[in-house]
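Structure first, commentary second.
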Amino acid sequence: MKILKNKLKKEEVSPMPQVLFPGRIITIYTEGEVQRAVDYLLDQPILGIDTETRPSFQKGKCYKVCLVQVSTHDTCFLFRLNFFGLPKALIRLLEDTSVPKVGLSLKDDFASLKKRANFNPGKYIELQEYVKSFGIQDMSLQKLYANVFGERISKAQRLSNWEANLLTDAQKRYAATDAWACIRLYEELEALKKSGEYKLEVVVDKHEENIPQEG
């Protein structure tokens with residue numbers, strides 16, 4: 014019986030062992046490589062998806078989304094949009110309605126991607142909506158993963174330069190982990206939903222205890 018919590022505290026996540034994507038990572042630098050990668054991805058049963066944008070430390074300055082990471086169970090492709098934009102082949106992947114693509118905060122990702130080219134999102138599963146059916150209130154990937162697997166996704170690379178000519182190994186592994194973790198979360202929760210072998214532990218904050226209840 015797996016115990017799930019409606020929410021976790023940061024201090025609960027910090028001591029957990031770190032998890033990293035264990036598979037192969039393929040970086041796509043040219044538009045010519047996109048087509049082959051998309052053909053491979055659309056032949057898979059399920060995909061995890063996420064994006065990265067170079068952080069801005071100047072008020073009023075924003076950058077376009079520069080990386081789309083799409084993962085299978087064992088392979089993750091990193092599409093460097095700052096090198097080739099959003100080509101038709103990648104739009105075909107984003108608009109595909111046959112292969113489910115799991116992500117988190119997809120509305121924000123779509124809004125960022127549409128600043129490069131317009132498209133109609135295909136078949137997606139939004140984790141932030143999906144976990145509500147379990148009574149889970151946390152919305153961050155880090156806390157959701159820690160809740161389900163007892164492992165910590167490091168966010169150390171989040172504010173690194175995603176437009177660098179060459180991404181570091183740490184950046185690549187971080188990006189791949191985020192996309193791959195979405196698949197793992199969805200499949201594990203689906204299995205728990207079917208088996209019913211889980212229990213929700215409701216954690217109430219002290220300040221919530223003092224809020225008067227209606228009725």
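For what it's worth, the working numbering labels the leading residue of the sequence shown as 14, then goes sequentially. Each residue gets a CB set at the ideal place from its N, CA and C atoms; glycine is no exception. The model shown is predicted, which means the values in this text are computed figures rather than measured ones.
Helix, strand or coil for Asp63, going by three-state DSSP, please let me know.
Against the sequence shown, residue 63 aligns to sequence position 50. Secondary structure at Asp63: strand, using DSSP grouped into helix, strand and coil.
Tell me whether Ile39 sits in a helix, a strand or coil according to DSSP, three-state version.
In the sequence shown, residue 39 corresponds to position 26, counting from 1. Looking at Ile39 - three-state DSSP - the assignment turns out to be strand.
Enumerated in chain order, which unbroken segments of the beta strand (DSSP E) with a length of 3 residues or greater are wholly contained in the segment 174-210?
Here no run is fully enclosed.
Let me know if Gln71 comes out buried or exposed under the rule of 16 or more other beta-carbons within 10 Å of its beta-carbon.
Taking the sequence shown and counting its residues from 1, one reaches residue 71 at position 58. Per the 10 Å Cβ criterion, exposed.
Coarse secondary structure for Gln155, derived from DSSP in three states
Within the sequence shown, numbered from 1, the residue matching residue 155 stands at position 142. Note: Gln155 maps to helix in three-state DSSP.
Give a yes or no on whether the C-beta atoms belonging to Gln155 and Lys168 are separated by under 8 Å.
For the purposes of this step, residue 155 is identified with residue 142 of the sequence shown, where counting begins at 1. For the purposes of this step, residue 168 is identified with residue 155 of the sequence shown, where counting begins at 1. Their beta carbons are under 8 Å apart, which means Gln155 touches Lys168 by this criterion.
Local Cβ density within 10 Å of Thr64, reported as buried at 16 or more and exposed below that:
As a position in the sequence shown, residue 64 is number 51, starting the count at 1. Buried: at least 16 other Cβ atoms inside 10 Å.
In this structure, how does DSSP classify Lys127 when only helix, strand and coil are distinguished?
Along the sequence shown, read from residue 1 onward, the residue named residue 127 stands at position 114. In the structure shown, Lys127 sits in coil (DSSP, three-state: anything other than H, G, I, E or B).
Between the beta-carbon of Gln82 and the beta-carbon of Leu117, is there less than 8 Å?
Sequence index remark: in the sequence shown, residue 82 carries index 69 (1-based). Sequence index remark: in the sequence shown, residue 117 carries index 104 (1-based). No; because the gap between Cβ atoms is not below 8 Å, this pair is not in contact.
Which two residues bound the contiguous beta strand (DSSP E) that contains Glu139?
For the purposes of this step, residue 139 is taken as the residue at position 126 of the sequence shown. 137-139 is the span of the beta strand (DSSP E), which, as asked, contains Glu139.
My output table needs one value for Gln48: the three-state DSSP class, helix, strand or coil.
What you label residue 48 is simply residue 35 of the sequence shown in a count that begins at 1. Three-state result, Gln48: helix.
Nearest to Asp52 (by Cα), restricted to the options Phe162, Lys101, Ser208:
One-based indexing of the sequence shown puts residue 52 at position 39. The shortest Cα separation from Asp52 among Phe162, Lys101, Ser208 belongs to Lys101.
Just checking my contact of Ile166 with Thr190 at CB under 8 Å: how many whole Å lie between their CB atoms?
By one-based count along the sequence shown, residue 166 stands at place 153. By one-based count along the sequence shown, residue 190 stands at place 177. Indeed they touch by this definition, with Cβ atoms about 6 Å apart.
Name the two residues that bound the continuous beta strand (DSSP E) containing Leu172.
Taking the sequence shown and counting its residues from 1, the one referred to as residue 172 is at position 159. Note, Leu172: premise wrong, no beta strand (DSSP E); not H, not E.
Beta carbon of Arg37, beta carbon of Val78: below 8 Å?
One-based indexing of the sequence shown puts residue 37 at position 24. One-based indexing of the sequence shown puts residue 78 at position 65. Going by C-beta atoms, Arg37 is not nearer than 8 Å to Val78.
Contact under 8 Å by Cβ, Val216 with Lys18:
What you label residue 216 is simply residue 203 of the sequence shown in a count that begins at 1. What you label residue 18 is simply residue 5 of the sequence shown in a count that begins at 1. Cβ atoms of Val216 and Lys18: closer than 8 Å.
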